[in-house]
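To start, the structure itself, in structure tokens.
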Amino acid sequence: MNNYDNNEREAEIVNDGYNDKKNSFNSIISWIPFILALIYTISPIDFIPDVIPVAGWGEDALFLIASALHGIQNTVLDKNTSIYKIVKYIKWASFIFTIIFILILVLLIVLVFKVSAN
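The sequence shown begins at 1 in the UniProt record's numbering and counts up by one.
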């Protein structure tokens, strides 16, 4: 083994250590939206008040689910690509479901106001 092979091997070890630190930092950063969603759920400030039974609780649950899926997706990014893809599709499906849920809620509110105005 010559000196070049030893230097190359040392460089690989250093790069692996750097990538491990970078991945652990990215996995910590990816959970920040979940922590913020948890704080949002606990706090009394809401986009849709919890007084409206299904809408208020559903909105809190959807924020938690979407942020948890985001954290899981970015944590398993380098470990298992099939789980990453599955979680990605579930996350986008939950986003689409959330948008549809909000649109239906807005339409129901508009309908209630129009009916009550007549």
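Positions of the beta carbon are idealized from the N, C-alpha and C atoms, including for glycine.
- In the three-state reduction of the DSSP assignment, F63 falls in the helix class.
- Three or more pairs of CB atoms, one per stretch, sit closer than 8 Å, so the stretch 41-50 contacts the stretch 58-66.
- One thing to note: S27 has its Cβ within 8 Å of the Cβ of N74.
- Per DSSP, P44 lies in no alpha helix (DSSP H) segment and is marked neither H nor E.
- In this structure, G56 sits away from F101, with a CB-CB distance that is not shorter than 8 Å.
- Collapsing the DSSP output to three states places K91 in a helix.
- Around the CB of F113, fewer than 16 other CB atoms lie within 10 Å, so the residue is classed as exposed.
- V54 and I96 have their alpha carbons spaced roughly 18 Å apart.
- Around the CB of S94, 16 or more other CB atoms lie within 10 Å, so the residue is classed as buried.
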